[in-house]
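Those letters in the sequence shown? Residues 0 to 234, per numbering that gives the first Met the number 0, in order.
Built from N, CA and C at the ideal position, the CB exists for glycine as well.
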Amino acid sequence: MPSILLEAKQICKRYTSGEIVVEALHPLDFKLFQGELIVVLGPSGSGKSTLMNILSTLDRPTTGSLFFNGQPLTDKTENELSLFRKENLGLVFQFYNLIPTLTALENIQLIESHSPSPVKSEDALRRVGLWDRRDHFPSELSGGEQQRIAIARALVKRPLMIMCDEPTGALDVETGVIVLQALEEVHHDFGISIILITHNATIAHISDRTVRMSGGRVVDISTNRQHLLARELQW
Ligand SMILES: Nc1ncnc2c1ncn2[C@@H]1O[C@H](COP(=O)(O)OP(=O)(O)OP(=O)(O)O)[C@@H](O)[C@H]1O
Ligand SMILES: [Mg+2]
């Protein structure tokens with residue numbers, strides 16, 4: 000039985016501005032096991048990004064607690080959390096967030112230089128199939144290529160976890176599959192646990208487990224017995 004890497008217990012998130020209160024997450028539990036790929040699936044507004052922001056410690060829950068390898072994260076300071084993310088977590092968003100004035104390789108090297116036990120930038124770039132584009136700036140790359148650079152940038156830290164919020168949301172199906180394949184490879188070859196957020200039910204077929212959200216609640220957790228590769232998905 001693999002160990003639990005990340006666990007959230009009864010986390011809830013309430014946004015309050017003036018008299019308006021939004022219950023973005025009702026109390027919920029969440030577990031990520033070592034080496035698994037979880038897809039979080041749900042319609043717009045169901046609380047997926049809110050959940051990822053809390054699981055990634057970018058935001059704090061209103062109530063509830065978060066544990067990493069059994070150690071509580073909820074009582075850590077901002078500096079401690081920042082260090083935690085630096086050492087353990089790669090993040091990938093819908094819009095790539097690359098630094099426009101750095102080349103593809105430099106975007107990755109920047110993170111490598113701050114990592115205690117990095118994957119070499121050159122290897123990370125080869126892994127996502129973009130070594131020959133290393134000297135190009137983000138504006139010279141397609142959306143799918145920029146996203147693969149973002150995945151290489153997440154990989155280079157050799158993190159235990161990568162969390163992705165709609166990584167293919169801005170891409171067409173074909174390009175989306177190439178990006179999912181890059182994630183699959185990173186997951187498989189480095190044993191990195193992945194949380195992949197999407198509103199696209201087709202993508203859930205590549206998961207080990209799928210967590211379905213609706214209205215700020217987890218409404219279903221299912222183990223995926225007919226695990227497909229990204230290239231086998233039927234769109
Ligand atoms: N900073 C905020 N202040 C107030 N309400 C917020 C804030 N952020 C999110 N919400 C609300 O919380 C709910 C969940 O939002 P969230 O962004 O987590 O949804 P989502 O599932 O990621 O949606 P999408 O698929 O559109 O990205 C929504 O009702 C949203 O309006
Ligand atoms: Mg979202």
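_Can you check which of these residues, R230, K8 and D131, is closest to F67 by C-alpha distance?_
Position 68 of the sequence shown, counted from the start, is the residue given in the question as residue 67. For F67, the nearest C-alpha among the options comes from K8.
*For F29, which option in F189, G63 and E144 has the closest C-alpha, if you only look at C-alpha atoms?*
Start at 1 with the first residue of the sequence shown, and residue 29 comes out as number 30. For F29, the nearest C-alpha among the options comes from G63.
*What is the DSSP secondary structure of T197, counted as helix, strand or coil?*
Numbered from 1 along the sequence shown, position 198 holds the residue referred to as residue 197. Of the three classes helix, strand and coil, the one that applies to T197 here is strand, per DSSP.
*Backbone CA spacing between D74 and T61 [nearest angstrom]*: What you label residue 74 is simply residue 75 of the sequence shown in a count that begins at 1. What you label residue 61 is simply residue 62 of the sequence shown in a count that begins at 1. Taking the straight line from one Cα to the other gives about 13 Å.
*Helix, strand or coil for V178, going by three-state DSSP, please let me know.*
Locating residue 178 in the sequence shown gives position 179, counting from the first residue. Helix, per DSSP.
*Using DSSP with H/G/I as helix, E/B as strand and the rest coil, what is Q145?*
Here the question's residue 145 lines up with position 146 in the sequence shown. Correct three-state label for Q145: helix.
_Boundaries of the alpha helix (DSSP H) in which Q254 is found, first to last residue_ = The shown model of the chain, from 0 to 234, leaves out residue 254, and the question about it has no answer.
*asked:* If you measure from each CB to the nearest heavy atom of ligand 2 and keep those under 7 Å, what residues do you get, in chain order?
replied: K47, S48, D164, E165 and I196
*Under the three-state reduction of DSSP, which class applies to D131: helix, strand or coil?*
Here the question's residue 131 lines up with position 132 in the sequence shown. Here D131 sits in helix by DSSP.
*Around the C-beta of P137, are 16 or more other C-beta atoms found within 10 angstroms, so that it is buried, or is it exposed?*
Within the sequence shown, numbered from 1, the residue matching residue 137 stands at position 138. Result: buried.
*asked:* Can you list, in chain order, the residues of its chain with a C-beta nearer than 6 Å to that of P26? Leave out the 5 residues immediately preceding and following it.
replied: Taking the sequence shown and counting its residues from 1, one reaches residue 26 at position 27. Q9 and C11, listed in sequence order.
*Relative to ligand 1, is the shortest distance from any of its heavy atoms to the C-beta of G41 smaller than 7 Å?*
The residue you call residue 41 lines up with position 42 of the sequence shown. Yes.
*Is H226 helix, strand or coil when you go by DSSP?*
As a working mapping, residue 226 is identified with position 227 in the sequence shown. It is coil, neither helix nor strand.
_So, at 7 Å on beta carbons, what are the nonlocal neighbours of V155 in its own chain, with the 5 sequence-adjacent residues on each side left out?_
Here residue 155 corresponds to residue number 156 of the sequence shown, with the count starting at 1. So the qualifying residues of the chain are I107, I110, E111, S114, P117, V118, S120 and A123.
_Buried or exposed (CB count within 10 angstroms, at least 16 for buried), H186_ = For the purposes of this step, residue 186 is taken as the residue at position 187 of the sequence shown. When all chains shown are included, H186 counts as buried.
*Leaving out the 5 sequence neighbours to the left and right, which residues in its chain are closer than 7 Å to T209 when beta-carbon positions are compared?*
Here residue 209 refers to the residue found at position 210 when the sequence shown is read from its first residue. For T209, where only same-chain residues beyond five positions count, the Cβ hits under 7 Å are V38, L40, A203, S221 and N223.
*Please name the residue in G215, A169 and L227 whose C-alpha comes closest to that of I205.*
The residue given as residue 205 occupies position 206 in the sequence shown. When each option's Cα is compared against that of I205, the closest is L227.
_In the DSSP assignment, the alpha helix (DSSP H) including S48 goes from what residue to what residue?_
The residue labelled residue 48 in the question sits at position 49 within the sequence shown. Start and end: K47 to L54.
*Report the rounded CA-to-CA distance for A103 versus V178, giving the unit in angstroms.*
Mapped onto the sequence shown, residue 103 falls at position 104. Mapped onto the sequence shown, residue 178 falls at position 179. Going by the C-alpha atoms only, they are around 16 Å apart.
*For ligand 1, is there a heavy atom less than 7 Å away from the beta-carbon of G44?*
The count along the sequence shown starts at 1 and reaches residue 44 at position 45. Yes.
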